[in-house]
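Colleague: The structure follows.
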Amino acid sequence: MDQDCIVIGGGLVGSAVAYGLSGQNQKVAILDGGDRSFRASRGNFGLVWVQGKGWDYPPYAQWCLKAANLWPEFSRQLGEETGTDLCYRRNGGMHFCVNEAELEERRKILEQNALHTDGEFQYEMLDHAALAEKVPQISNAVVGASYSHLDGHVDPLSLLHALHQGINRQDVTYVPSQNVSEISGKDGEFRVVSNGKTRSAGKVVLCAGLGNQRLGEMVGMNIPVVVDRGQLMITERIKPFLDWPTLHVRQTGEGTVQIGDSHEKVGLDDGTDPAILQKIVQRAVLMFPFLARVRLVRAWGALRIMTPDGNPIYQQSETCPGAYAVTCHSGVTLAAIHAGTVAEWISGKNDDPLLSRFGTDRLHV
Amino acid sequence: MFKTIEEPAEGAVEILVEGVAHRVPANISVAAAALLCGLGSVRETPVSGAGRLPYCMMGVCFDCLMKINGQPNQRACQVTVAADMTVERQLGAAEYEDL
Ligand code: FES
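Here the protein sequences line up with chains A and B, keeping their order. Be aware that the first sequence starts at 1, since it is given in our numbering, and climbs by one per residue. Be aware that the second sequence starts at 1, since it is given in our numbering, and climbs by one per residue.
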């Protein structure tokens with residue numbers, strides 16, 4: 001056996017899982033895609049987010065809260081081990097609303113989050129005056145905001161970089177530019193063929209984002225993925241003005257302002273569209289008028305990996321036990337729990353009852 | 001350290017670099033002018049405060065950011081000098097009045 005475990009995919013999900021598995025002294029190899037692969041991990045917004053997540057699916061609300069609570073220690077350990085500053089901050093996060101109806105809808109959503117977590121999820125609704133006290137630059141067009149001290153943010157590229165440094169230090173075999181063409185076998189004796197070379201492993205974990213649908217079929221799993229494009233922009237570095245990340249505007253630790261986002265059903269196209277970028281910018285300028293004079297440095301599109309109900313999939317194959325799939329769009333928020341609980345579940349050391357709520361059976365009824 | 005190779009055909013303009021008047025060849029970039037004027041660095045980075053000079057001279061590295069005519073974070077290699085232009089070093093992150 002070449003490896004205890006082969007992880008297919010080296011983005012935020014695959015590298016977090018591999019980091020966790022190798023931390024338990026498993027011998028791990030990552031087969032990553034190439035430069036042309038769709039890389040959600042290199043195009044995202046960097047939120048470590050709880051509020052609103054899973055409001056309509058209690059297990060996901062609980063899972064996100066658990067994941068976010070693991071972040072401070074995860075960030076400290078990964079940062080220390082690799083000497084990388086992840087720019088992780090947990091001062092809380094906000095969502096701005098531009099009319100009373102939006103604010104009321106937001107309140108109802110967060111009430112559900114609190115309900116699903118026995119009140120552990122805490123939040124506040126801020127009216128304009130309370131918001132303006134915290135964020136003086138906010139325009140009068142914003143009638144209020146939701147705030148939760150449990151939210152945070154991180155530099156997502158530093159996170160990916162640190163995870164790769166981490167797995168490198170732990171002697172994980174990292175193989176880039178791979179195209180997996182065949183997976184066969186079952187628990188204890190898998191064979192994975194990529195770029196014409198065969199490797200053997202006790203277990204196989206599919207973390208290939210949009211590629212999980214195709215790979216899942218090789219090990220008897222039906223993993224439906226839905227492509228959802230988001231477009232983002234980033235500005236020049238400006239003096240700090242916003243301590244709290246929001247769903248649409250976030251000032252990074254280094255002073256740039258990230259502006260997002262869109263949800264588009266355009267298939268496998270990660271390009272940009274000026275008409276949509278304009279709409280995104282208009283919303284940001286409505287919230288912070290001075291942004292109209294700040295220069296944009298870059299705009300890009302990235303493809304989210306969604307499931308039909310928006311919740312993650314954690315599934316072990318029934319016909320090929322030992323093959324696992326991890327599919328989600330929140331690779332940042334869930335990084336800590338992927339390196340912890342999920343890696344322990346794969347190595348058989350942890351059976352968190354929440355995990356059973358994220359199987360594919362819920363999608364194929 | 002830098003000097004012009006030949007007398008510029010288009011004449012010269014006067015610009016104000018860090019408050020000091022300099023005559024520089026017309027039609028050169030502000031980055032080239034800053035080098036000619038002997039600035040030790042054109043900016044201090046917002047993250048570590050390190051001093052920087054223009055690097056690529058073609059608009060891709062963003063290491064030449066300067067404050068030009070009061071506008072912060074301009075790529076000096078992409079702006080042509082003009083008479084009476086004010087050029088200042090970019091110190092740290094940009095500041096906007098109402099920010
Ligand atoms: S010197 Fe590189 S962008 Fe101006």
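Don't be surprised by glycine CBs; every beta carbon is placed ideally from N, CA and C.
#1: CA-CA distance, Gly70(B) and Gln51(A)?
#2: What residue range is occupied by the uninterrupted alpha helix (DSSP H) comprising Asn212(A)?
#3: For chain A, check one thing: does any of its Cβ atoms lie closer than 9 angstroms to the Cβ of Ala94(B)?
#4: Using 8 angstroms as the cut-off, classify the Cβ of Cys64(B) as near or not near the heavy atoms of the ligand FES, replying yes or no.
#5: With a cut-off of 9 angstroms, does the C-beta of Gly255(A) fall near any C-beta of chain B?
#6: For Leu78(A) versus Gly152(A), is the C-beta distance shorter than 9 angstroms?
#7: Output the distance between the C-alpha atoms of Asp2(A) and Val175(A), rounded to the nearest integer angstrom.
#8: From Leu131(A) to Val294(A), what does the alpha carbon distance come to, in whole angstroms?
#9: Label Asp351(A) either buried or exposed according to how many other C-beta atoms from any shown protein chain fall within 10 Å of its C-beta, with 16 as the threshold for buried.
#10: Using DSSP's beta-bridge definition, name the partner residues of Tyr369(A).
#11: Using a Cβ-Cβ cutoff of less than 8 angstroms, which residues in the same chain neighbour Thr173(A) once the five nearest sequence positions on both sides are dropped?
#12: With distances taken from CA atoms, which of Pro353(A), Ala284(A), Gly255(A), Ile280(A) is nearest Ser48(B)?
#13: Within the same chain, show all residues whose beta-carbon is closer than 8 angstroms to that of Leu160(A), passing over the 5 residues directly before and after it, in chain order.
#14: Please list, in chain order, the residues of the region 65–82 of chain B that have any C-beta partner in chain A closer than 7 angstroms.
#15: Between the Cα of Gly220(A) and those of Arg107(A), Gln26(A), Gln315(A), spot the shortest distance and give me the residue it belongs to.
#16: State the CB to CB distance for the pair Ser139(A) and Tyr123(A), rounded to an integer number of angstroms; the pair is presumed to be in contact (CB under 8 angstroms).
#17: Does the ligand FES have even one heavy atom less than 8 angstroms from the beta-carbon of Gln90(B)?
#18: In the DSSP assignment, find the unbroken beta strand (DSSP E) run with Trp49(A) in it and report its ends.
#19: Can you tell me the Cα-Cα spacing of Ala335(A) and Gln258(A), whole angstroms?
#20: Could you compute how far the alpha carbon of Gly368(A) sits from the alpha carbon of Ser158(A)?
#21: Along the region 218–245 of chain A, where does the CB come closer than 7 angstroms to a CB of chain B? Name the residues.
#22: By the criterion of Cβ-Cβ separation under 8 angstroms, what are the contact partners of Pro100(B) in chain A?
#23: Inspect the CB distances between the region 271–279 of chain A and the region 60–71 of chain A and report whether three or more fall short of 8 angstroms.
#24: By Cβ distance below 7 angstroms, which residues in the same chain neighbour Val30(B) in space, the five residues on each side in sequence not counted?
#25: Taking only beta-carbon positions, decide if Phe62(B) is within less than 9 angstroms of chain A.
Modeller: Taking the geometry as given:
#1: Straight-line measurement puts the Cα of Gln51(A) at about 41 angstroms from the Cα of Gly70(B).
#2: Segment 212–218, the alpha helix (DSSP H) holding Asn212(A).
#3: The beta carbon of Ala94(B) falls within 9 angstroms of a beta carbon belonging to chain A, placing the residue at that interface.
#4: Answer for Cys64(B): yes, Cβ within range of the ligand FES.
#5: Closer than 9 angstroms: yes.
#6: Going by C-beta atoms, Leu78(A) is not nearer than 9 angstroms to Gly152(A).
#7: For Asp2(A) and Val175(A), the distance between alpha carbons rounds to 14 angstroms.
#8: Our two residues, Leu131(A) and Val294(A), have alpha carbons roughly 23 angstroms apart in a direct line.
#9: Under this definition Asp351(A) is an exposed residue.
#10: Here chain A covers residues 1 to 365 and nothing more, so residue 369(A) does not appear.
#11: Hits under 8 angstroms: Gln3, Val28, Ala29, Ile30.
#12: That would be Gly255(A), whose Cα lies nearest to the Cα of Ser48(B).
#13: Exclusion of the five residues before and after Leu160(A) leaves Gly11, Leu12, Ser15, Ser41, Arg42 as the residues of its chain whose Cβ lies within less than 8 angstroms of its Cβ.
#14: Taking 7 angstroms as the cut-off between beta carbons, the residues of the region 65–82 of chain B near chain A are Asn73, in sequence order.
#15: Ranking the options by Cα distance to Gly220(A), first place goes to Gln315(A).
#16: About 23 angstroms; that fails the 8 angstroms criterion.
#17: Not under cutoff, so the answer is no.
#18: Unbroken run through Trp49(A): none, as it is neither H nor E.
#19: In this model, Ala335(A) and Gln258(A) are separated by some 21 angstroms (Cα to Cα).
#20: Since the first residue shown for chain A is 1 and the last is 365, residue 368(A) is missing from the structure and cannot be characterised.
#21: Of all residues in the region 218–245 of chain A, Glu236, Arg237, Ile238, Lys239, Phe241 have a Cβ within less than 7 angstroms of some Cβ in chain B.
#22: Nothing can be reported for residue 100(B): it is not among the residues displayed for chain B, which extend from 1 to 99.
#23: Taking 8 angstroms as the limit for Cβ pairs, the verdict is that the region 60–71 of chain A does not touch the region 271–279 of chain A.
#24: Short of 7 angstroms from the beta carbon of Val30(B), and not among the five residues preceding or following it, lie these beta carbons of its own chain, in chain order: Met66, Ile68, Ala76, Val79, Val81, Val87.
#25: For Phe62(B), the answer is yes, since a Cβ of chain A falls inside 9 angstroms of its Cβ.
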